[in-house]
Amino acid sequence: MGSAGLPAARPRAAARPAKFPDGPAPDPAGSREEHRIRTFHARRGRVTDAQAGALERHWAEWGVELDGSPLDLAGLFGDPALPVVLEIGFGMGDATARMAADDRATGILAVDVHTPGQGNLLNLADQYGLTNVRVANGDAIVLLRDMLPPASLAGLRIYFPDPWPKAKHHKRRMIQPAFLALVAPLLRPGATLHCATDWEPYAEQMLEVLSASPDFINQYGAGYAPRPDFRPMTKFERQGLAKDHIVHDLLFTRR
4 MGSAGLPAAR
14 PRAAARPAKF
24 PDGPAPDPAG
34 SREEHRIRTF
44 HARRGRVTDA
54 QAGALERHWA
64 EWGVELDGSP
74 LDLAGLFGDP
84 ALPVVLEIGF
94 GMGDATARMA
104 ADDRATGILA
114 VDVHTPGQGN
124 LLNLADQYGL
134 TNVRVANGDA
144 IVLLRDMLPP
154 ASLAGLRIYF
164 PDPWPKAKHH
174 KRRMIQPAFL
184 ALVAPLLRPG
194 ATLHCATDWE
204 PYAEQMLEVL
214 SASPDFINQY
224 GAGYAPRPDF
234 RPMTKFERQG
244 LAKDHIVHDL
254 LFTRR
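Heads up: take any position in the sequence shown, counting from 1, add 3, and you land on this note's numbering.
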């Protein structure tokens, strides 16, 4: 068995370039994104045989293109009673898969633009029998702005987003007042917004912006949250800790 009670994953195949004519689109939203600040860089990268196979087998069933069309979460997960948490930016998907395995009564809509990561998460979901994960491709802002109805989300997770460390790029950071104003109506009262970062200046900005929002309340009074046991340690986080970075979690509740 692997961590969090998951069965050990099979060894991955050697890497090779791959194209996916029926898989995730390079730019699903098209012109909808032209006139706003980008908070991410689309990345294709090298894809292993296992990842490519998962994309080919499961994208039509478990993949979602963020093209601006209204999204029916009940239909997507096949269960109108299933609470759905949105995760923005999941990397290779290992932590997402572990959290999905630990809480199969919650659906996870996981958004990223990294093709190898999309394939890896689909492969993990297949191997571990996770029916509560869906993988979304494209700009999360399009999803939030155009595709979800009010009070449709039971939670939002944003773990280790791009810190955009240069001052001239701070406007590209995701956690901003305008972002919170966009996402707040989509979260049910009592929903948890959980952020984590190993970039100290960004953590300070997150805490300031979230604390100033009238739509959210800090679950831990006025500061950072202790590291929760339910958030798995990732390779990225271990690398940050090895560089003496301090990881901060922030847990806020939608009023």
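Note that the Cβ used here is the ideal one computed from N, Cα and C, for glycine as well. All figures in this text were calculated on a predicted structure; none of them were measured in a lab.
- Shown here, H173 sits in a helix according to DSSP, grouped into three states.
- Our two residues, W167 and R175, have alpha carbons roughly 7 Å apart in a direct line.
- Within a 10 Å sphere around the beta-carbon of R241 sit fewer than 16 other beta-carbons, which makes this residue exposed.
- Looking at the DSSP output, I220 sits in a beta bridge with T256.
- Annotation: the segment 58 to 119 contains the following complete segments of the beta strand (DSSP E) (minimum length 3 residues), in chain order: 66 to 68, 87 to 91 and 110 to 115.
- Per DSSP, G193 is not a residue of any alpha helix (DSSP H); the beta strand (DSSP E) it occupies stretches across L190 to T200.
- Contact between the segment 222 to 242 and the segment 95 to 105 is present, with at least three C-beta pairs closer than 8 Å.
- In this structure, the beta-carbon distance from L189 to L156 falls below 9 Å.
- Here the segment 69 to 77 lies against the segment 142 to 153, with 3 or more beta-carbon pairs under 8 Å apart.
- Here DSSP, grouped into helix, strand and coil, assigns L159 to strand.
- Taking V212 as reference, the option from A228, L253, A63 and N123 with the minimal CA-CA separation is L253.
- By the criterion of a C-beta distance shorter than 6 Å, A77 is surrounded in its chain by P83, once the five residues flanking it on both sides are discounted.
- G120 is a Cβ neighbour of F93, given a cutoff of 9 Å.
- Here DSSP, grouped into helix, strand and coil, assigns R137 to strand.
- For A206, the secondary structure class from DSSP, reduced to helix, strand or coil, is helix.
- Contact between the segment 176 to 183 and the segment 105 to 117 is absent, with fewer than three C-beta pairs closer than 8 Å.
- Taking the Cα positions, N135 is about 28 Å away from G33.
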